[in-house]
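Residues 53 to 294 (my numbering) are what the sequence shown spells out, left to right.
Idealized CB from N, CA, C, for every residue including glycine.
Given the structure is predicted, the values throughout are model-derived calculations rather than measurements.
Shown next, in structure tokens, is the structure this report addresses.
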Amino acid sequence: MSQLKILIVEDDAMISASLKEILEMLNHQVVGIAENADAAIELCNEYAPELALLDIQIGGDMDGVDLAEIINDQFDIPFIFTTAFADNTTIARAKERAPFGYLVKPYGIKDINAAIEIAMVAYGRLKTAEKKGGMSKIIDNSLFLKVDSKLIKVKIEDILYVEAKGDYALFKTKAKGFIVHSTMKKVQDRLEEFNFQKVHRSFVVNLSKIVDIEESNLLIEDKVIPISRANKEALIAKLNLL
């Protein structure tokens, strides 16, 4: 494998030093070591790493799972969780962030190498799938959605929200829903200029269709949609508040 720029997020100095040594033995470049989420975000902005290794139990207000949500929202960086915890609760939280791997400490050089190899293959396949995705370019404020073997024209103003469904996305209008092969990142990038906003890892909503907003959710038609902590500030900034 060619050399990768890798970010380490780990608050134990001995573990991060050992991990850095292993990565350099594998001919990778460690662009930074962060002990908390805020430092990790700064390093992502500054160095644009090609892979991040995230400890789950880190210092600060956010743990590694919270950080992963921000990485998914703001950066195009694959990540692998590295943790001493393998309980069902931790694994369930981690799975929600769609990591490209999950390494349980203690691990060795072979474990790290295998995890990185598999992660980058999976990431490459994801990028290929995105290029073949189910959304065509926008024409006359309408989007052509590839559903099975057909292209269906949907007016953007008619879309209420888009919901993640694994490797697919559900485009919901008042009349019906359309399932297409697409990532939420691609949905967000395509619709952002049309007054759509990501409010949760699984939802991009049409701001003009919001009926009301409560502390941690909003209502569109009769659908209650959760608002994540990481996305709430951006949502409020987009709204006209009195």
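Contact between the region 82 to 93 and the region 128 to 141 is absent, with fewer than three C-beta pairs closer than 8 Å. With respect to residue 129, residue 101 sits close: the two C-beta atoms are nearer than 8 Å. If you look at residue 123, you'll find it in the alpha helix (DSSP H) that goes 116 to 126.
In the structure shown, residue 265 adopts extended strand secondary structure according to DSSP, grouped into three states. Rounded to the nearest whole angstrom, the C-alpha separation of residue 180 and residue 147 is 22 Å.
Judged by DSSP in its simplified three-state form, residue 246 adopts helix. If you draw a straight line from the Cα of residue 155 to the Cα of residue 167, it comes to about 8 Å. Per DSSP, residue 287 is one residue of the alpha helix (DSSP H) stretching across 281 to 290. At the C-beta level, residue 255 and residue 220 stay beyond 8 Å of one another. Its Cα nearest to that of residue 216, the residue 239 stands out among 239, 164, 249 and 114. Pairwise C-beta distances place the region 110 to 118 in contact with the region 74 to 89, as three or more of them are shorter than 8 Å. With distances taken between CA atoms, residue 162 lies nearest to 74 out of 242, 177, 211 and 74.
The straight-line gap separating the alpha-carbon atoms of residue 244 and residue 209 is approximately 13 Å. Residue 288 counts as exposed, since fewer than 16 other C-beta atoms from the protein chains shown sit within 10 angstroms of its C-beta. Counting the other Cβ atoms within 10 Å of the Cβ of residue 153 gives 16 or more, which makes it buried. Residue environment for residue 62: buried (at least 16 other C-beta atoms within 10 angstroms of its C-beta).
The residue from 198, 204 and 122 with its alpha-carbon nearest to that of residue 285 is 122. Annotated three-state conformation of residue 176 is helix, per DSSP.
Taking the C-beta atoms as reference points, residue 58 is found nearer than 8 Å to residue 103.
Sequence-distant Cβ neighbours of residue 105 in its own chain, meaning closer than 6 Å and more than five residues away, are 60, 132 and 134.
For the alpha helix (DSSP H) assignment, the uninterrupted runs of no fewer than 4 residues enclosed by the region 56 to 123 are, from N- to C-terminal side, 65 to 77 and 89 to 99.
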